[in-house]
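Data first, discussion second: the structure below is written as structure tokens.
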Amino acid sequence: QRDLAVSLLKVGEVSLAVGDLPAAKMRFEQAYDILRKRVSHSDTVEASMDLAVVDMKLSEIAQQTGTPAEVKQWLLEALSVLEPLSHKTSTQAIRKDLSICLNRLGRLSRLENDFVSAKSWFEKSLAILQQLSEENESLPSMRGLCVAYQEMGNLCLDEEDLQGAASWFIKM
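Note that my numbering gives residue 89 to position 88 of the sequence shown, counting from 1, and the numbers run on in steps of one.
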């Protein structure tokens with residue numbers, strides 16, 4: 002079953018890459034159905050991680066075709082998988098995916114002018130990214146930190162806090 006779900010996920014990614022959103026959504030939903038059952042029967046790290054990846058892909062589709070509520074639904078579902086998983090087995094890949102999910106929730110909150118929630122999501126993402134960059138000072142981890150600083154700076158600009166924005170942008 003996992004092989005089928007992963008194949009559906011890959012076909013969905015190709016469909017997404019060529020701009021065929023309905024086909025991508027259909028494949029991601031098919032993968033989701035298989036993985037949801039798999040997680041309910043055997044809650045392995047691998048099954049949970051696969052499910053979180055599909056949740057994130059469905060949030061990408063919803064961002065282009067759906068409503069902000071639908072995007073949030075998929076991101077919160079991914080979060081509900083990734084947070085416990087990060088406590089269970091704290092690999093860099095899981096924490097990176099968790100930080101991406103938190104960042105996307107922050108962006109969504111910011112677009113909805115919910116700056117309090119946005120700040121909370123961004124701060125959680127930033128804490129993970131800081132930890133990852135301390136463990137591994139690679140270019141991707143440093144880039145992740147710069148993106149987080151930029152998000153925090155943009156949020157300060159939204160709140161008309163120019164000094165706060167400058168303090169975040171200077172870190173980049």
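Here a beta-carbon is modelled for each residue, glycine too, at the ideal position from N, C-alpha and C.
Predicted model, so just to flag it, every value in this text is computed and none were measured.
DSSP-derived helix/strand/coil call for residue i
i: Thr45; result: coil
i: Asp98; result: helix
i: Val54; result: helix
i: Asp162; result: coil
i: Ser81; result: helix
i: Asn137; result: coil
i: Asp115; result: coil
i: Met27; result: helix
i: Val19; result: coil
i: Met153; result: helix
i: Lys120; result: helix
i: Met173; result: coil
i: Gly67; result: coil
i: Gln2; result: coil
8 Å Cβ cutoff met for residue i and residue j
i: Gly154; j: Ser126; result: no
i: Leu9; j: Arg39; result: no
i: Leu146; j: Gln131; result: yes
i: Leu59; j: Leu83; result: no
i: Leu156; j: Arg111; result: yes
i: Ser16; j: Ala6; result: no
i: Trp75; j: Asp44; result: no
i: Ile62; j: Leu103; result: no
i: Val46; j: Lys89; result: yes
i: Ala70; j: Ala53; result: no
Proximity winner among the options, relative to residue i (alpha-carbon distances)
i: Tyr1; options: Ile129, Asp56 and Ala32; result: There is no way to answer for residue 1, as the model of the chain reaches only from 2 to 173.
i: Asp51; options: Ala70, Ser139 and Leu86; result: Leu86
i: Trp169; options: Val72, Glu161 and Glu152; result: Glu152
i: Tyr33; options: Val46, Asn104, Ala18 and Gln2; result: Gln2
i: Thr92; options: Gln64, Leu80 and Glu136; result: Glu136
i: Asp115; options: Arg144, Glu160 and Glu78; result: Glu160
i: Ser81; options: Lys11, Val12, Arg37 and Met143; result: Arg37
i: Thr68; options: Ser41, Ser139 and Leu109; result: Leu109
Where residue i falls, given that 16 or more other Cβ within 10 Å makes a residue buried
i: Met173; result: exposed
i: Leu133; result: buried
i: Ala166; result: buried
i: Ala94; result: exposed
i: Val19; result: exposed
i: Arg105; result: buried
i: Val72; result: buried
i: Glu113; result: exposed
i: Ile101; result: buried
i: Ile171; result: exposed
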